[in-house]
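First residue of the sequence shown? That's 1026 in the working numbering, and the numbers climb one at a time after it.
Glycine included, C-beta positions come from ideal geometry on N, C-alpha and C.
Just so it is clear, the structure is predicted and the values come from calculations on it, not from any experiment.
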Amino acid sequence: MSKCLADRSIDHVVLERGEVANSWRTERWDSLRLLTPNWQSRLPGFGYEGDDPDGFRNMAETIVFIERYARVISAPVETYTRVTSLRENDGGFLVSTDRGDWQSRTVVLATGACNIPSIPKVAEKLAEDIVTLTPPVYRNPGQLPDGGVLVVGASASGTQLAYEIHRSGRPVTISVGEHIRAPRVYRGRDIEWWMDVAGVHDERYDEVDDIKRARQVPSLQLTGSDNRITLDLNLLTSMGVKLVGRLAGFSDGKAQFSGSLRNKCALSDLKMNRLLTTIDEWATENGLDGEHEPPHRLPPTEVEESPPLFLDLKATGIRSVIWATGFHPDYSWLEVPVLDRKGLIRHEGGVVAHPGLYLMGMQFLRRRKSALIDGAGDDARDLSDHLVAYLNGEIARAV
Ligand SMILES: Cc1cc2nc3c(=O)[nH]c(=O)nc-3n(C[C@H](O)[C@H](O)[C@H](O)COP(=O)(O)OP(=O)(O)OC[C@H]3O[C@@H](n4cnc5c(N)ncnc54)[C@H](O)[C@@H]3O)c2cc1C
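Written out as structure tokens, the structure reads:
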């Protein structure tokens, strides 16, 4: 957004509570690599220039990438400046920080979608001697006691952590709710390449049938690694990870799981196959069939006939629980009345329901790719155009 505002000669400042790339520095585990290939972090006027476009950045490389971008575009970043409140003032906004106040006619909220881990309420019933961690504070298996681990959630974070922790010698059980399976490589190309060329990532918020639902869809079960493994439940099962259904509660030292595991996995296979069919149809329409391997499908997710509905934590040696159950944004500092009943910002494609206020970086904000690094550029171009029109008085009300 800073680059787009500078291109449009809009005077601005970027307030950051930590350093540039703060979330990548402070909220990610040691072994994490981006699940998007190197080529797929395209920012306005900036992209990957190395010799491994299909590789996956580790955290150090991701931080350097974003730092370099901030330098190249001369982004006016004020680091170590935490916004403590934002309120309406004089037809604009008063932005209070721990380093003084700013007055501004417009504000872009780009504080991230993943500030606070969403932990289910049932966690309160967990025995106190069980160690619990969330992905932003998890660094490596060495933080965990010896013994079994229950990973709750089977999207990208949950499956990656289950894989790493099981390989550390701690038996892992993974509790599986809604998730979306995807092959890392399809017909010889990365799945992200297919989703990019076939326009899946560009699908707009005003083109989908149910945008509320689309904004809640979990991340694809993908991981970035040198050998391009498909990290799905079948791989975890083959390693010895145990699958159980969605966590329903804890009672008398036992974890209780819903009986929906088989259905959830069947639904996930169905959605994956639907995505692959979209890709196949696009390849045929565009005459690419001859250039790529023929269409194929993965074997269905294997689930035992009657997965357990209870697990006695002590008897099965489970000593820690990882909550890989998603995130929500933190708007505790936002004093402009724009939150809905769920505490999310009311907006239309990033144009917030309050004149002069804009939102970035949320799931399916304007496009399917909006919450990816690769999605920021197109959204920032659109929203900065709107912002300029607003400043010029061409749009009286922002919605
Ligand atoms: C575990 C994980 C893995 C991911 N992997 C990928 C991937 O492989 N590829 C990909 O494209 N995307 C990935 N993402 C999504 C990724 O987070 C986004 O693509 C990207 O970080 C969004 O950038 P952002 O600037 O909108 O949000 P963030 O990176 O969250 O940045 C928000 C910034 O706002 C600052 N901030 C927050 N509150 C305040 C305040 N009150 N005052 C001042 N500053 C504040 C924060 O310090 C932070 O630096 C991943 C996300 C997670 C959680």
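Best match in the options for proximity to residue i [C-alpha to C-alpha]
i	options	result
Ser1099	Ile1091, Asp1221, Thr1303	Ile1091
Leu1268	Asn1259, Glu1052, Ser1276	Asn1259
Asp1257	Val1210, Asp1277, Ile1236, Gly1278	Val1210
Ser1143	Trp1348, Ile1420, Gly1080, Asp1294	Trp1348
His1226	Asn1165, Gln1388, Thr1051, Asp1407	Gln1388
Leu1084	Gly1173, Glu1052, Val1328, Asn1114	The residue you asked about is not Leu; residue 1084 is Met in the sequence shown. When only C-alpha atoms are compared, the closest one is Glu1052.
Thr1104	Gly1072, Val1038, Gly1224	Val1038
Phe1282	Ile1088, Gly1178, Arg1093	Gly1178
Gly1137	Val1102, Ala1401, Asn1311	Ala1401
Trp1218	Leu1408, Trp1307, Ala1378	Trp1307
Arg1322	Leu1295, Asn1311, Asp1221, Leu1313	Leu1295
Asp1115	Phe1335, Thr1109, Arg1130	Arg1130
Gly1202	Thr1303, Leu1369, Ala1291	Ala1291
Glu1044	Phe1081, Pro1101, Ser1056	Pro1101
Trp1358	Glu1318, Asp1079, Arg1240, Arg1112	Arg1112
Thr1248	Val1233, Ser1180, Ser1293	Ser1180
Arg1240	Asp1410, Ser1395, Pro1078, Ile1420	Ser1395
Thr1159	Thr1350, Lys1289, Asp1410	Thr1350
Cys1139	Asp1410, Arg1366, Asp1355, Lys1367	Asp1355
Lys1339	Tyr1163, Tyr1094, Pro1078, Val1174	Val1174
Glu1189	Met1264, Gly1386, Phe1335	Met1264
Gly1270	Thr1262, Lys1289, Leu1261	Lys1289
Contact set for residue i: own chain, Cβ-Cβ below 6 Å, skip 5 residues either direction
i	result
Arg1422	Only weak support exists for where Arg1422 lies, its pLDDT of 49 falling under 50; the value from the coordinates is given anyway. Once the five neighbours on either side are set aside, the close Cβ partners of Arg1422 are Pro1380.
Leu1384	Leu1134, Ile1370, His1372, Gly1375, Val1377
Pro1325	Asp1294
Leu1382	Val1132
Backbone CA spacing between residue i and residue j [nearest angstrom]
i	j	result
Ile1343	Asp1076	44 Å
Gly1315	Val1147	52 Å
Pro1333	Asp1032	58 Å
Asn1417	Ile1035	11 Å
Ala1187	Arg1096	37 Å
Asp1404	Leu1060	21 Å
Val1156	Trp1049	24 Å
Val1376	Leu1408	7 Å
Arg1393	Asp1277	42 Å
Arg1253	Gln1128	48 Å
Trp1054	Asp1251	18 Å
Leu1030	Arg1238	31 Å
Val1328	Val1266	12 Å
Pro1161	Glu1419	42 Å
Met1297	Phe1118	45 Å
Glu1074	Arg1082	13 Å
Thr1255	Phe1352	24 Å
Val1120	Arg1042	13 Å
Val1361	Asp1123	19 Å
Asn1311	Thr1302	14 Å
Gly1172	Ser1193	11 Å
Met1026	Asp1399	13 Å
Val1132	Thr1309	45 Å
Phe1335	Gly1080	41 Å
Val1242	Gly1386	15 Å
Gly1368	Leu1313	45 Å
Ser1285	Tyr1094	45 Å
Met1220	Pro1078	16 Å
Nearest-angstrom beta carbon gap, residue j and residue i [assumed within contact, 8 Å]
i	j	result
Val1176	Gly1167	With 8 Å as the limit, Val1176 and Gly1167 do not qualify as a contact, their Cβ atoms being about 16 Å apart.
Ala1046	Ile1088	5 Å
Arg1391	Arg1287	About 36 Å; that fails the 8 Å criterion.
Val1197	His1204	The pair is not a contact, with the Cβ atoms about 16 Å apart (cut-off 8 Å).
Leu1040	Thr1109	With a Cβ gap of about 11 Å, Leu1040 and Thr1109 do not count as contacting.
Pro1208	Ile1199	Pro1208 to Ile1199, Cβ: 19 Å. No contact.
Ile1304	Ala1223	5 Å
Ser1345	Pro1170	6 Å
Arg1206	Gln1246	5 Å
Close Cβ partners of residue i (< 8 Å) along its chain, the five nearest in sequence each way excluded
i	result
Arg1072	Here residue 1072 is Gly; the residue named in the question, Arg, does not match the sequence. Trp1064, Ser1066.
Lys1150	Gly1274, Phe1275, Ser1276
Gly1213	His1317, Glu1318
Asp1235	none
Leu1057	Asn1083, Met1084, Gln1185
Arg1406	Cys1029, Pro1069
Close beta carbons around residue i, own chain, < 7 Å, minus the five adjacent residues each side
i	result
Asp1337	Gly1278, Lys1279
Leu1272	Pro1145, Val1147, Val1177, Ser1200, Ala1280, Phe1282
Leu1397	Thr1061
Ala1414	Ile1420
Asp1126	Leu1119, Val1120
Within the stretch 1167 to 1196, ranges of the beta strand (DSSP E) (whole runs, at least 3 residues): Fully enclosed beta strand (DSSP E) runs of 3 or longer: 1173 to 1177.
List, from N- to C-terminal side, the beta strand (DSSP E) runs of 3 residues or more that fit wholly inside the stretch 1332 to 1413. The qualifying runs are 1335 to 1337, 1343 to 1348, 1382 to 1384.
What are the complete beta strand (DSSP E) segments, minimum 3 residues, inside the stretch 1212 to 1267? Correct list: empty.
Alpha helix (DSSP H) runs wholly inside the stretch 1054 to 1096, at least 4 long, in chain order: You should have found no qualifying run.
So within the stretch 1272 to 1335, which uninterrupted beta strand (DSSP E) runs reach at least 3 residues, ignoring any that extend past its ends? Complete beta strand (DSSP E) runs here, min 3: 1272 to 1276, 1279 to 1282.
Extract the residue ranges of the beta strand (DSSP E) inside the stretch 1116 to 1170, only unbroken runs of 3 or more that lie entirely within it. Counting whole runs of 3 or more residues, the stretch 1116 to 1170 contains the beta strand (DSSP E) stretches 1117 to 1122, 1125 to 1129, 1132 to 1134, 1156 to 1158.
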